[in-house]
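The structure under discussion appears below in the form of structure tokens.
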Amino acid sequence: PRSIYLSRHGESMYNVDGKIGGDSDLSERGWEYARALPDLVKKNIGDLPLEVWTSTLQRTIQTGSFLPFEKKTWKSLDELDAGVCDGMTYEEIEAMYPEDYEARDDDKFNYRYRGGESYRDVVVRLEPVIMELERQENILIIAHQAILRCLYAYFLALPQEELPYIKANPQIPLHTLIKITPMAYGCHEERYPLPI
Ligand code: F6P
């Protein structure tokens, strides 16, 4: 059966600073993951012809930059838009927009950032990507935390309310290649972490 491969981008400068959103470059550790990714793919996926899909944001493009495969960028794979909170830390958001912070806590799936998006919005905009994914063989998607939670929940048929909380120690982890193989009932999953 065919599989879908997922990875978050390598650690970004904003990840280091605890800031959300933005379009920052990879950190040194992030670049290390990017450089190690071709070998991780070769070891675990083999020599299959693979297409790599990234978002239009630098951290995903940079993460895929050493992979010797055809690449496609999708605007619909860009991270959940945090609107006015883009570039802030969670502490700053809590201090500046306490009601929003609480509202998000109450209903993370439906909460829409001021001038930005909710998880529900992201699920909708990912539909064309999922349609195309269903038609293709062997795709590696390099994207973002919220985006990968939505894709992951789709393939594992997880309920929407659980989706924004997908933990998988402690989130969709950085520096890990996830292999999902849809089966008749459910999905088989493997994870290949890199200790970076
Ligand atoms: O912190 C990294 C990040 O990708 C942010 O850009 C994004 O807003 C966040 O994760 C999504 O996670 P959560 O929905 O848990 O805040």
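First residue of the sequence shown? That's 378 in full-length UniProt numbering, and the numbers climb one at a time after it. Using N, Cα and C, we set each Cβ at its ideal position, and we do this for glycine too.
Thinking C-alpha only, which one of the options is nearest residue i?
i	options	result
Asn392	Tyr496, Ile555, Phe486, Met465	Met465
Leu417	Leu554, Pro559, Trp408	Leu554
Arg436	Val499, Gln513, Thr450, Arg512	Thr450
Gly492	Gly460, Lys448, Pro541	Gly460
Ala520	Glu405, Glu468, Ala534, Ala411	Ala411
Asp400	Asn487, Pro505, Asp458	Asp458
Glu566	Ile507, Glu405, Asn421	Asn421
Glu405	Lys419, Glu388, Pro570	Glu388
Gln537	Pro505, Lys485, Val506, Glu511	Lys485
Mind checking whether residue i and residue j have CB atoms under 7 Å apart?
i	j	result
Asn515	Leu427	yes
Asp463	Ser432	no
Ile557	Phe532	yes
Arg497	Asn487	yes
Leu517	Val429	yes
Run through DSSP, which three-state label would residue i get?
i	result
Arg436	helix
Lys448	strand
Ile397	coil
Ile422	helix
Looking at chain B, is there any beta carbon in it that lies within less than 7 Å of the beta carbon of residue i?
i	result
Ala480	The structure shown contains no chain B; it is built from a single protein chain.
Going by beta carbon distance, what residues of the same chain come within less than 6 Å of residue i, once the five residues before and after it are set aside?
i	result
Arg489	Ser495
Can you give me the Cβ contacts of residue i inside the same chain, cut-off strictly under 8 Å, excluding the 5 residues immediately before and after it?
i	result
Leu535	Tyr529, Ile543
Gln439	His386, Gly387, Asp402, Leu403, Gly407, Trp408, Ala411
Considering only residues of the same chain and omitting the five flanking positions on each side of residue i, which have a CB-CB separation below 7 Å?
i	result
Val499	Leu457, Ala523, Ile524, Cys527
Val506	Trp451, Ser453, Leu454
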